[in-house]
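S.K.: Read the sequence shown against the working numbering and you will find it ends at 266, with the numbers running on by one and no gaps.
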Amino acid sequence: MRMSIEQRQLTPIEHQLLLNKWCGEKRIKRILFDLHDTLVVGRKPFQEKSRRAKEILGQNVGDGLRDKLWTDFENTNNQLFVAMGVVPERWTELMRILGEKYKLDPRILREAEEELMSIYTTPGELIPGTEEGLDNIKAAGIEMGVVTHAGRKWVGEIFYEGLNLGRWFDWDDIFIIDPKEHKHKTDVEWLAGVRYFGEKPEDCMAVGDSPAADLNPAWKIGIRQRVLVARDEIWEMHREKIIGKYWVIASVRELAYLGDSILARY
Numbered sequence: 001m002r003m004s005i006e007q008r009q010l011t012p013i014e015h016q017l018l019l020n021k022w023c024g025e026k027r028i029k030r031i032l033f034d035l036h037d038t039l040v041v042g043r044k045p046f047q048e049k050s051r052r053a054k055e056i057l058g059q060n061v062g063d064g065l066r067d068k069l070w071t072d073f074e075n076t077n078n079q080l081f082v083a084m085g086v087v088p089e090r091w092t093e094l095m096r097i098l099g100e101k102y103k104l105d106p107r108i109l110r111e112a113e114e115e116l117m118s119i120y121t122t123p124g125e126l127i128p129g130t131e132e133g134l135d136n137i138k139a140a141g142i143e144m145g146v147v148t149h150a151g152r153k154w155v156g157e158i159f160y161e162g163l164n165l166g167r168w169f170d171w172d173d174i175f176i177i178d179p180k181e182h183k184h185k186t187d188v189e190w191l192a193g194v195r196y197f198g199e200k201p202e203d204c205m206a207v208g209d210s211p212a213a214d215l216n217p218a219w220k221i222g223i224r225q226r227v228l229v230a231r232d233e234i235w236e237m238h239r240e241k242i243i244g245k246y247w248v249i250a251s252v253r254e255l256a257y258l259g260d261s262i263l264a265r266y
């Protein structure tokens with residue numbers, strides 16, 4: 001069941017005190033966040049670089065094959081994402097498959113692959129509301145952590161260092177589910193994340209943008225306090241009917257208002 005958070009007109013310190021009290025009542029010791037498209041922009045660079053790579057490849061085929069090539073690019077990329085995760089080698093394999101099928105010029109393939117590989121060096125970007133939200137949660141005294149399937153080097157250089165995530169998280173507060181970057185987040189990985197932080201599922205809240213990779217796996221392991229960060233667009237493989245009750249927010253900023261519901265008792 002979908003629930004919304006009602007904000008009262010309070011000072012930041014009042015929101016923080018109420019959030020602390022609310023988490024205490026719910027026995028929430030730690031809030032666990034997904035990273036991409038929850039705290040930081042994730043989908044955008046993939047879309048932009050993929051669009052540019054398709055344009056590059058499209059130069060090497062006739063008009064009659066261009067649409068088919070672009071469709072094969074998307075379908076094959078989705079299949080490789082499921083099989084390989086977010087490893088950069090996925091783009092090498094994609095170029096190999098398309099190159100063989102369409103007899104593409106190796107120089108064009110290299111140019112397109114370089115465009116795709118630049119995803120991992122593109123400067124990170126915090127989603128609006130993330131900074132304020134994390135500031136308030138930290139000020140409220142609530143422990144936090146990140147559970148992500150992104151690679152250690154990518155997370156460390158582009159996001160942790162590039163966006164100064166150390167303002168809210170120690171490096172040890174970032175749980176990389178698979179150093180080889182092949183795995184996706186399932187209930188197994190979420191449980192590993194909970195145990196990594198020394199917590200129990202019932203003492204955690206899960207916050208993410210994916211029903212399939214965040215909210216439902218969290219529910220399966222016993223996390224009952226869950227928040228969906230709603231996005232206009234999500235990857236097709238992340239779409240799934242959400243089990244149980246959950247809150248919906250537009251940005252992490254709104255988490256600070258969860259405790260405001262306490263005032264409704266008075």
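Cβ coordinates follow ideal geometry from the N, Cα and C atoms, glycine included. This structure is a prediction, so every number in the text was calculated from the model and none was measured.
List the endpoints of the continuous alpha helix (DSSP H) containing residue 73.
M.R.: Segment 63–84, the alpha helix (DSSP H) holding residue 73.
S.K.: Compare the beta carbon distance of residue 101 and residue 147 with 8 Å and say whether it is the shorter of the two.
M.R.: No, the Cβ-Cβ distance between residue 101 and residue 147 is not below 8 Å.
S.K.: To the nearest angstrom, how far is it from the Cα of residue 247 to the Cα of residue 6?
M.R.: Taking the straight line joining both Cα atoms gives about 11 Å.
S.K.: Which one or two residues does DSSP pair with residue 41 in a beta bridge?
M.R.: BP columns for residue 41 are empty, so no partner.
S.K.: Determine the direct distance from the alpha carbon of residue 97 to that of residue 137, and round the result to whole angstroms.
M.R.: Answer to the nearest angstrom: the Cα atoms are 46 Å apart.
S.K.: Excluding the five sequence neighbours on either side, which residues of its own chain have a C-beta within less than 8 Å of the C-beta of residue 46, listed in chain order?
M.R.: If we look at residue 46 and ignore the five residues flanking it on each side, its Cβ neighbours are 119.
S.K.: Under a three-way DSSP split, which group does residue 51 fall into?
M.R.: Three-state result, residue 51: helix.
S.K.: If you scan the region 168–248 from start to end, which runs of the beta strand (DSSP E) of 3 or more residues do you find wholly inside it?
M.R.: If we require 3 residues or more, the beta strand (DSSP E) runs fully inside the region 168–248 come out as 174–176, 204–208, 225–229.
S.K.: Give a yes or no on contact between the region 31–44 and the region 108–119, applying the rule of three or more CB pairs nearer than 8 Å.
M.R.: The region 31–44, when compared against the region 108–119, does not touch it at the 8 Å Cβ threshold.
S.K.: Taking DSSP as the reference, what is the three-state secondary structure of residue 108?
M.R.: Helix, per DSSP.
S.K.: Under the rule that 16 or more other beta-carbon atoms within 10 Å means buried, what is residue 254, buried or exposed?
M.R.: Buried, since its Cβ has 16 or more Cβ neighbours within 10 Å.
S.K.: Considering only the beta carbon of each residue, do residue 124 and residue 159 sit closer than 8 Å?
M.R.: Contact flag set, yes.
S.K.: Might you give, ordered along the chain, the residues of its own chain that have their beta carbon closer than 8 Å to the beta carbon of residue 1, omitting 5 neighbours on each side?
M.R.: Only 244, 245, 246 meet the Cβ criterion.
S.K.: With the cut-off set at 8 Å, would you say residue 214 and residue 208 are in Cβ contact?
M.R.: Against a cut-off of 8 Å, the Cβ pair of residue 208 and residue 214 comes out as a contact.
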